[in-house]
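For reference, the structure is listed below as structure tokens.
Residue numbers (the UniProt record's numbering): 1 to 559.
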């Protein structure tokens, strides 16, 4: 929630080939924490909130200043420790060790509740890091565009398989930092989109960055535009300023059944991320401050109304799925007993990709020059030839995606391809074909880095949904491999008490040492997804492990 942080100021990442730190890895971390808080990127930069309700880059502006100072002083054989947005230690390690290790929002199990987290947050002892906010690798809504695109394409095919000529339009809600990717992803996937968002400032941001085509606040007119554009095969996206808890039931009452239905409000945090029906933003803020318990109860009641409407649309034939924000749990707590009849998007559409070690792969041009991203686009297509879906994605991204902050790109790559692309990027830097080093990272939503029973690990084949060892092993393995910075967080995506997850970032600076680290880390990281799913009994993962030479000890032949 907004804290009225003292010391707030506008920050943007430095650009160019000159650095203020002792090494490029430190400089990369410095630029990326600044980039997370760039007004083009962050949802509420004055409060250090990057996205996802209250996901922050630093605990306070004073803590931000100390982190910046320490990064500038950090030697090439030292590691900075960051505890929930506050630099707490600096030790001599070695040049191949991570320059920064971050831990955000982690609480012991019995105490892992929103109430306890907020008590500790109010004491200044912790912060909510979300996923890429507290790990300094958020790149704006682009960070989830391709994942949303892949999900929408799969859901569209599923609907069209049941309903001839189906999969023409999608209803969704929430146009914040993550949900804001949905209208663009829908039109890229060939569908019209009606996106409901209660905050007009968020709609304006999506209009400005071309993530949504137009705003229409009259439901009749909005539906007319969406349905007409879908019918003529020229899909448009429309943002409707309203509350999903009102709009979804109204559509059910009217008998309107979209082809696809989901939503991506920040429902994982009912106190901050969801506005109860019947309240303006100003009234919601007043109630939140005056009576948090009443606010949460009313928010969950609104979620129940929305999810009950989604279930009604599902019964009428819509392809309905939960997009990983824990709204089903909150709705069930408010009395919607069949909320989990709505499937999660990972088991429904994405798990097969995870079994192949495939997931979101993002990179950022530290130079600040968009031409460097075009150079990397060419390098990706050269390193991974013969993949028409990848080529189509890169071409669509070049045409449709506006950069926010430092120029960046994302695509989904699998085991083997990530390492090849990382080495190709390092060669671009070494030969001067890009003007400064490149930062490579990913979302924590990846094939082998998360334990999240309501999202990434929902309905695992062996029942291991809540086993968090894999996320810890991911962080440890990436640290051993020499990632530039490694993070371990709690509560991202689905809220406190519901997930544990790891992030990694690695810098391509053109050196031989970087090449060795890149090959190790970008092999280990997706490899974790393969072994995690092979261990759970997924045949695709076992086959890919055999084909790629990924050793799974309990499957390995005896010597």
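For glycine and all other residues, C-beta sits at the position ideal for the given N, C-alpha and C.
- The C-alpha of residue 239 lies about 25 Å from the C-alpha of residue 330.
- In this chain, the alpha helix (DSSP H) harbouring residue 200 covers 200–208.
- Taking 8 Å as the cut-off, the Cβ atoms of residue 415 and residue 357 count as close.
- Assignment of beta-bridge partners to residue 172 by DSSP yields 195.
- In the three-state reduction of the DSSP assignment, residue 91 falls in the strand class, which pools E and B.
- For residue 10, the number of other beta carbons within 10 angstroms of its own is below 16, and it is reported as exposed.
- For secondary structure counted as the alpha helix (DSSP H) over 4 or more consecutive residues, the region 437–470 holds no complete run.
- An exposed status is given to residue 65, since fewer than 16 other beta-carbon atoms sit within 10 Å of its beta-carbon.
- For the beta strand (DSSP E) assignment, the uninterrupted runs of no fewer than 3 residues enclosed by the region 485–543 are, from N- to C-terminal side, 485–490, 500–508.
- For residue 341, there is no enclosing alpha helix (DSSP H), since its DSSP letter is neither H nor E.
- The C-beta distance from residue 379 to residue 424 rounds to 4 Å, short enough to fall under 8 Å.
- The beta strand (DSSP E) runs of length 3 or more contained entirely in the region 231–257 are, from start to end of the chain, 237–241.
- Residue 100 and residue 264 have their alpha carbons spaced roughly 31 Å apart.
- The beta strand (DSSP E) runs lying completely inside the UniProt domain "Urocanase N-terminal" (11–137) and spanning 3 residues or more are 49–51, 78–83, 86–92, 100–104, given in chain order.
- Bounds of the alpha helix (DSSP H) holding residue 144 are 142–162.
- Taking a cut-off of 8 Å for Cβ pairs, the region 525–538 and the region 454–462 touch, as three or more such pairs fall below it.
- In the structure shown, residue 8 falls within a coil segment according to DSSP collapsed to helix, strand and coil.
- Within the model, the alpha-carbon separation for residue 142 versus residue 217 is close to 25 Å.
- Residue 411 has 361 as its beta-bridge partners, per DSSP.
- DSSP, read as helix, strand or coil, puts residue 546 in helix.
- Short of 6 Å from the beta carbon of residue 401, and not among the five residues preceding or following it, lie these beta carbons of its own chain, in chain order: 142.
- In the displayed model, residue 263 falls within coil according to three-state DSSP, outside both helix and strand.
- The C-alpha of residue 81 is placed about 51 Å away from the C-alpha of residue 166.
- Cα atoms of residue 288 and residue 23: separation of roughly 44 Å, rounded to the nearest angstrom.
- Setting aside the 5 residues that flank it on each side, residue 244 is surrounded in the same chain by 173, 196, 263, 265, 306, each with a C-beta closer than 7 Å to its C-beta; the list follows chain order.
- Note: residue 212 is not bridge-paired with any residue in the DSSP secondary-structure output.
- Bounds of any alpha helix (DSSP H) do not take in residue 178, whose DSSP letter is neither H nor E.
- Around the Cβ of residue 62, a 10 Å sphere holds fewer than 16 other Cβ atoms; the residue is exposed.
- Residue pairing from DSSP places residue 319 in a beta bridge opposite 260.
- In this structure, the beta-carbon distance from residue 430 to residue 510 falls below 8 Å.
- Of all alpha-carbon atoms in 452, 404, 258, the one lying nearest the alpha-carbon of residue 42 is that of 404.
- Between the alpha carbons of residue 376 and residue 223 lies a distance of about 40 Å.
- Sequence-distant partners of residue 309 (beyond 5 residues in either direction) whose C-beta falls short of 8 Å from its own C-beta, in its chain, are 248, 249, 251, 252.
- Counting C-beta atoms within 10 angstroms of its own C-beta, residue 554 has fewer than 16 neighbours from the protein chains shown and is therefore classed as exposed.
- Nearest to residue 232 by C-alpha distance, out of 221, 220, 192, is 192.
- If you look at residue 325, you'll find it isn't in any alpha helix (DSSP H); DSSP assigns it neither H nor E.
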